[in-house]
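Residues in the sequence shown are numbered consecutively from 5, following the numbering used here.
Each remark here refers to the structure printed beneath this line.
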Amino acid sequence: MARRLSYSARFKFPAEKFYEAQMERQYWQDLVDGFRMLTPVSELDEFTAGPDGMRVVLKQAIPRDMLPPVAQTVMRKDMMITRVETLGAFDTAATEGTYTASIPAGPGSLNGEQILTDTETGSTLRKTTEVKVFLPFVNGTLEQLMLVNLVDLFRAEAEYSQHWVGKHLI
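Laid out in structure tokens, this is it:
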């Protein structure tokens, strides 16, 4: 059975500024450079941006010995994660996008939708995620572990975005 997570990041700047950052290759390269402090194999594999929006592909390797013990039981090698994020064309009402994370020969899937909107005090990025693990007996444990780690990632990326936009666009 799949598990779901809803997460909202609130920013002090308008949605247009967040969107502007997402449309810059340097934003994503700086994010990947930050990942390298945790996992040395992290790269910006693909980036495209234009009037219809943006698409980015990030790749990251997490050494097997850094995985929690329950994850090590199903991952016999380092975990290679390919993450794809999209945002459509900017819309003052709501800008929509998607994200996925995949692991070759991995035991599950992660998919999500994101919506960027203005608020009275800035903007909000809402992410709705669904994770599924296809292994009997450990699926619930691994799904919950993925969601907990995802919340940590979303928080860290929201802090990064707040800082990056403040430094480069405001």
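A virtual CB, placed ideally from N, CA and C, is assigned to each residue, including glycine.
No experiment lies behind these values; they were computed from the predicted model shown.
Query, Result
"Supposed contact pair Gly126 and Phe17 - C-beta distance, whole angstroms, cut 8 Å", "5 Å"
"Collapsed DSSP secondary structure at Val135 in the structure displayed", "strand"
"From Ala13, Val135 and Ser46, residue whose alpha carbon lies closest to that of Met150", "Val135"
"Residue from Pro111, Ala162 and Thr132 whose Cα sits closest to the Cα of Phe141", "Pro111"
"Beta strand (DSSP E) runs contained entirely in the segment 25-60, provided each spans 3 or more residues", "46-54"
"Rounded straight-line distance, which links the Cα of Thr96 to that of Asn153", "31 Å"
"Residues near Gly36 in its chain [Cβ-Cβ closer than 7 Å; skip 5 each side]", "The question names Gly, but residue 36 is Val in the sequence shown. Contacts found: Ser46, Glu47, Leu48 and Leu62."
"Contact between the segment 94-109 and the segment 67-85 (3+ Cβ pairs under 8 Å)", "yes"
"Entirely enclosed beta strand (DSSP E) segments - the segment 49-123, minimum 3 residues", "57-66, 83-92, 99-106 and 112-123"
"Where Thr145 falls: helix, strand or coil (DSSP)", "helix"
"Distance, Met70 Cα to Ile119 Cα", "32 Å"
"Residue environment, Gln148, which counts as buried when at least 16 other CB atoms sit within 10 Å", "exposed"
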